[in-house]
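Undergrad: Okay, handing you the structure first.
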Amino acid sequence: MSDYKNFTMNFGPQHPAAHGVLRLILEMDGEVIRSADPHIGLLHRATEKLAESKPYNQNIGYMDRLDYVSMMCNEHAYVLAIEDIMKLDIPERSKYIRVMFDEITRILNHLLWLGAHALDIGAMSVFLYAFREREDLMDCYEAVSGTRMHATYYRPGGVSKDLPNVMPKYMLNKNQNLDQVEKLNYNREGSLLDFIESFIDRFPKNVDEYENLLTDNRIWKQRTVGIGVVSPERAVDLGFTGPMLRGSGIEWDLRKKQPYEIYKDLEFDIPVGTEGDSYDRYLVRMQEMRESARIIKQCCNWLKTDNGEYISSNYKIAPPDRDDMKESMESLIHHFKLFSEGYCLPVGETYACVEAPKGEFGIYLISDGANKPYRLKIRAPGFPHLASLDEMAKGHMLSDVVTIIGTQDIVFGEIDR
Amino acid sequence: MNKIIKFIKSLFFLEILKGLKITGQKLSKEPITIQYPEEKTPLSSRFRGLHALRKYPNGEERCIGCKLCEAVCPALAISIDTEERSDKTRRTTKYEIDLFKCIYCGFCEEACPVDAIVETGIFEYHFERRKDSVMNKLDLLKIGDMYEKEELKDRERNKL
Ligand code: SF4
Ligand code: SF4
């Protein structure tokens, strides 16, 4: 009877629960995982190398495509790094806009995570509800930048466009009459800020709805409580950040610990877990969405009273006003210089990081004085999380691997970059 | 006492009923699904879709072949050749955008000093042959003609 051996199994890269292109080699002893070996690299696009060949501004669009569910946060780290080397001060208004969109991004990310995680475990309807709210936030993205996902919105020195004063509206069509269309448009009459505010007013109720569906549900609890437990010490040792670390009970959040932009003026709390299991991380993320809503509300209130500049008026790094550019020679020269050669950074190096929805997203930038980075290193939060998969999954059942992948909130764009 | 409450709660599946109540309520609500293509979601005036080359109201093409868009394009999707015309102005002889390379970042629109290249709100398009993905100057001008009215409206709205 001794010739029973462990069974090696491929999980992914085409598996629907593998979140993208994760390939896991699982060593199974019956249903129990003995070891899990993640293979990465299937989505490698050489972003770091690519960035070395392009002027600084042209790389912003590629940052969106790293963690493609929290787009603007990635851009944020990149522009922060550039501003840091330049020692550039940006207008107050752009700081608020950036923080507001960072938090919108956090909600976007957590909603997708919640939907996908619940779907993996077997709760279908949460996914649909989460996407209902995501749709509204995507509309905010589109209204402000012009695309629903890959925004390319932040610029060194501020943001590329000011917040719009009108929201796009549903159009009359042959299926719906005027009343129905007007009902759909009820929160689109005002500006983008009004739209966001109406979203924030109803969002906490929506989170309650998700929580009613999941938090006490016995199936949900059976699938998440005690799965993938990480002790606080191990979480620190493994380099966890974000909700993964806070779920283990360590209160570490860059927004509080090294506040960037205007986070130090805002009021919000950092939720922490106690057990370090998947259920606690779920609770942490749910609470984070509520806190994000609070932050957005404060930013909205501030932005409503302000009429300042949205981008720095230093024409060496930010383009001059379009109307100016057509009238004045000097502006035109700045415009041409900026869009062809770009700008040169002083020699130096820096590390800039933001609290992205998944954890600490950092950019290490070295400049040799040219108009493109000498070296760009991306610190993706998902990478150390995935690296701990073996440790987290060992001893659990096969179906728990899906929970663990879900709770880690893996996105391959940033891991493989 | 707590134990008894817990027992009763779990015996009668109270938390599951709570969840089912939410799904039940949705039964009577109007669906939020959009019946595309008859119904459409709102489209922002800043939307970055298919490219177009615009003309002046008198029919003269705007593009002066300054190649700023070519220089700023991060995906190297644009390629331009220029020549001097008989009236001594410079115009493009070749203007191509490879839509498979383009990442729709909108930098070309931002860079153009004469508002020639724009990204329109067109997002429903397809190619039938592989080489169709490379849009040449004629295609782009044609889209520009077609889309000029909407483009002007979008510009008005963007100024608000
Ligand atoms: S949208 Fe961006 S990638 Fe596409 S052609 Fe314009 S500059 Fe190039
Ligand atoms: S489209 Fe605009 S930016 Fe591009 S070559 Fe023509 S004028 Fe210059």
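These protein sequence lines are chains Z and W, in that order. Heads up: the first sequence at position 312 corresponds to 1771 in our numbering, and the numbers run straight through without jumps. Heads up: the second sequence at position 126 corresponds to 316 in our numbering, and the numbers run straight through without jumps. C-beta atoms are modelled at their ideal positions from N, C-alpha and C, and glycine is treated no differently.
1) Closer than 9 Å by beta-carbon distance: list the chain Z residues that pair up with W:G214, in chain order.
2) Is the separation between the beta-carbon of Z:H1855 and that of Z:I1580 shorter than 8 Å?
3) Could you tell me the boundaries of the beta strand (DSSP E) in which Z:E1542 lies?
4) With distance defined between alpha-carbon atoms, name the residue in Z:T1809, Z:H1474 and Z:I1499 nearest to Z:R1876.
5) Of the residues Z:F1798, Z:V1585 and Z:M1559, which one's Cα is nearest the Cα of Z:I1659?
6) Should W:G334 be listed as close to ligand 2, given that the test is whether its C-beta is under 7 Å from any heavy atom?
7) W:K291 to Z:L1501, Cα distance in whole Å?
8) Relative to the C-alpha of W:E274, which candidate in W:Y285, W:Q215, W:H241 and W:G255 has its C-alpha closest?
9) Thinking just about the alpha-carbon of each residue, which of Z:S1494, Z:S1553 and Z:M1531 is nearest to the one in Z:N1766?
10) State buried or exposed for Z:P1778, treating a residue as buried only when at least 16 other CB atoms are found within 10 Å of its CB.
11) Please find out if some non-hydrogen atom of ligand 1 comes closer than 7 Å to the beta-carbon of W:Y294.
12) Taking Z:F1820 as part of the beta strand (DSSP E), name the residues at either end of that continuous run.
13) Can you say whether W:R280 is buried or exposed, counting buried as having 16 or more other CB atoms within 10 angstroms of its CB?
14) Give me the subset of the stretch 1576-1604 of chain Z whose CB atoms are less than 8 Å from a CB atom of chain W, sorted by chain position.
15) Would a C-beta distance cut-off of 8 Å place Z:Y1613 and Z:T1606 closer than the cut-off?
16) Run through chain W and tell me which residues come within less than 7 Å of Z:N1830, C-beta to C-beta.
17) What whole-angstrom Cβ distance do Z:T1866 and Z:R1682 have, given they're in contact under 8 Å?
18) If the cut-off is 7 Å on Cβ atoms, which residues from the stretch 1797-1814 of chain Z count as contacting chain W, listed in chain order?
19) Can you say whether W:M325 is buried or exposed, counting buried as having 16 or more other CB atoms within 10 angstroms of its CB?
20) Do the stretch 1737-1755 of chain Z and the stretch 1655-1669 of chain Z make contact, defined as three or more Cβ pairs closer than 8 Å?
21) Do Z:T1506 and Z:I1837 have their beta-carbon atoms positioned less than 8 Å apart in this structure?
22) Using a beta-carbon distance below 8 Å, is Z:H1794 in contact with chain W?
23) Relative to the alpha-carbon of Z:V1813, which residue among Z:K1796, Z:E1800, Z:Y1722 and Z:K1756 has its alpha-carbon at the smallest distance?
24) For chain W, check one thing: does any of its Cβ atoms lie closer than 8 Å to the Cβ of Z:M1784?
25) Report yes if the C-beta of W:R297 is less than 7 Å from at least one heavy atom of ligand 1; otherwise report no.
26) Exposed or buried, what is Z:V1806 when buried is set at 16 or more other beta-carbons lying within 10 Å of its beta-carbon?
27) Report whether the distance from the Cβ of Z:G1735 to the nearest heavy atom of ligand 3 is below 7 Å.
28) By alpha-carbon positions, which one of W:E229, W:L233 and W:D322 ends up nearest to W:T310?
29) Within this structure, are the beta carbons of Z:M1487 and Z:L1857 separated by less than 8 Å?
30) Classify W:D288 as helix, strand or coil using the three-state DSSP reduction.
31) Please work out which residues of its chain come closer than 7 Å, Cβ to Cβ, to Z:E1873, disregarding the five sequence neighbours upstream and downstream, and give them in chain order.
32) Since Z:E1542 and Z:I1519 should fall inside the 8 Å C-beta cutoff, what is the C-beta to C-beta distance between them, to a whole number of angstroms?
33) Starting from the N-terminal side, write out each stretch of the alpha helix (DSSP H) that is 4 residues or longer and does not extend beyond the stretch 1714-1768 of chain Z.
34) To which residues of the same chain is Z:N1465 closer than 7 Å at the C-beta, ignoring the five residues directly before and after it?
35) Going by CA-CA distance only, name the one from Z:G1706, Z:F1699 and Z:E1750 that's closest to Z:D1736.
36) Assess contact between the stretch 235-249 of chain W and the stretch 1706-1720 of chain Z, defined as three or more Cβ pairs (one per stretch) separated by less than 8 Å. Is contact present?
TA: Put simply:
1) Taking the second sequence and counting its residues from 1, the one referred to as residue 214 of chain W is at position 24. By Cβ distance, chain Z contributes nothing, its closest Cβ being about 11 Å from W:G214, past 9 Å.
2) Counted from its first residue, the first sequence places residue 1855 of chain Z at position 396. Counted from its first residue, the first sequence places residue 1580 of chain Z at position 121. No, they are not a contact pair.
3) Within the first sequence, residue 1542 of chain Z is the residue found at index 83, counting from 1. Per DSSP, Z:E1542 belongs to no beta strand (DSSP E); it is in the alpha helix (DSSP H), M1530 to M1545.
4) Along the first sequence, one-based indexing puts residue 1876 of chain Z at 417. Nearest of Z:T1809, Z:H1474 and Z:I1499 to Z:R1876, Cα basis: Z:I1499.
5) Stepping through the first sequence from its first residue, residue 1659 of chain Z is reached at position 200. Comparing Cα positions, the closest option is Z:M1559.
6) Sequence index remark: in the second sequence, residue 334 of chain W carries index 144 (1-based). Outside the cutoff, so no.
7) As a first step, residue 291 of chain W must be located in the second sequence, where it is residue number 101. As a first step, residue 1501 of chain Z must be located in the first sequence, where it is residue number 42. So the alpha carbons of these two residues sit roughly 20 Å apart.
8) For the purposes of this step, residue 274 of chain W is taken as residue 84 along the second sequence, with counting starting at 1. If we check each option's Cα against that of W:E274, W:G255 comes out closest.
9) Indexing the first sequence from 1 puts residue 1766 of chain Z at position 307. Nearest option by C-alpha distance: Z:S1553.
10) Taking the first sequence and counting its residues from 1, one reaches residue 1778 of chain Z at position 319. When all chains shown are included, Z:P1778 counts as buried.
11) One-based indexing of the second sequence puts residue 294 of chain W at position 104. Flag set: Cβ of W:Y294 near ligand 1.
12) The residue given as residue 1820 of chain Z occupies position 361 in the first sequence. Element bounds for Z:F1820: G1818 to S1826.
13) Taking the first residue of the second sequence as position 1, residue 280 of chain W is located at position 90. The residue in question, W:R280, is exposed, as its Cβ has fewer than 16 Cβ neighbours within 10 Å.
14) S1584, R1591, E1594, D1598, E1601, A1602, V1603 and S1604
15) What you label residue 1613 of chain Z is simply residue 154 of the first sequence in a count that begins at 1. What you label residue 1606 of chain Z is simply residue 147 of the first sequence in a count that begins at 1. No, Cβ-Cβ distance for Z:Y1613 and Z:T1606 is not below 8 Å.
16) On the first sequence, position 371 is the one that residue 1830 of chain Z refers to. Correct list: empty, because the minimum Cβ distance to chain W is about 12 Å.
17) Residue 1866 of chain Z sits at position 407 when you count from the first residue of the first sequence. Residue 1682 of chain Z sits at position 223 when you count from the first residue of the first sequence. That belief does not hold up - the Cβ atoms of Z:T1866 and Z:R1682 are roughly 10 Å apart, past 8 Å.
18) F1798 and S1799
19) As a working note, residue 325 of chain W is residue 135 in the second sequence. When all chains shown are included, W:M325 counts as buried.
20) yes
21) On the first sequence, residue 1837 of chain Z is found 378 positions in, with the first residue counted as 1. On the first sequence, residue 1506 of chain Z is found 47 positions in, with the first residue counted as 1. In this structure, Z:T1506 lies closer than 8 Å to Z:I1837 by Cβ.
22) Stepping through the first sequence from its first residue, residue 1794 of chain Z is reached at position 335. A Cβ of chain W is located within less than 8 Å of the beta carbon of Z:H1794.
23) Against the first sequence, residue 1813 of chain Z aligns to sequence position 354. Looking at the Cα atoms, Z:Y1722 is the closest of the given residues.
24) Residue mapping note: residue 1784 of chain Z aligns to position 325 of the first sequence, counting from 1. At least one chain W Cβ lies under 8 Å of Z:M1784.
25) As a working note, residue 297 of chain W is residue 107 in the second sequence. Going by the sequence as given, residue 297 of chain W is Phe instead of Arg. The answer is yes for W:F297.
26) Locating residue 1806 of chain Z in the first sequence gives position 347, where the first residue counts as 1. It is exposed - the Cβ of Z:V1806 has fewer than 16 other Cβ atoms within 10 Å.
27) Annotation note on ligand 3: not contained in the displayed structure, which lists ligand 1 and ligand 2 as its ligands.
28) Numbered from its first residue, the second sequence carries residue 310 of chain W at position 120. For the residues W:E229, W:L233 and W:D322, the minimum Cα distance to W:T310 belongs to W:L233.
29) For the purposes of this step, residue 1487 of chain Z is taken as the residue at position 28 of the first sequence. For the purposes of this step, residue 1857 of chain Z is taken as the residue at position 398 of the first sequence. Contact check for Z:M1487 against Z:L1857 passes: the beta carbons are separated by less than 8 Å.
30) Indexing the second sequence from 1 puts residue 288 of chain W at position 98. W:D288 falls in the strand class under three-state DSSP.
31) The count along the first sequence starts at 1 and reaches residue 1873 of chain Z at position 414. The answer, listed in chain order, is L1525, D1526, A1839 and G1841.
32) Reading the first sequence from its first residue, position 83 is the one you call residue 1542 of chain Z. Reading the first sequence from its first residue, position 60 is the one you call residue 1519 of chain Z. Z:E1542 to Z:I1519, Cβ: 13 Å. No contact.
33) 1737-1763
34) Mapped onto the first sequence, residue 1465 of chain Z falls at position 6. Excluding positions up to five away in sequence, the list reads E1486, M1487, D1488 and R1493.
35) Sequence index remark: in the first sequence, residue 1736 of chain Z carries index 277 (1-based). That would be Z:G1706, whose Cα lies nearest to the Cα of Z:D1736.
36) no
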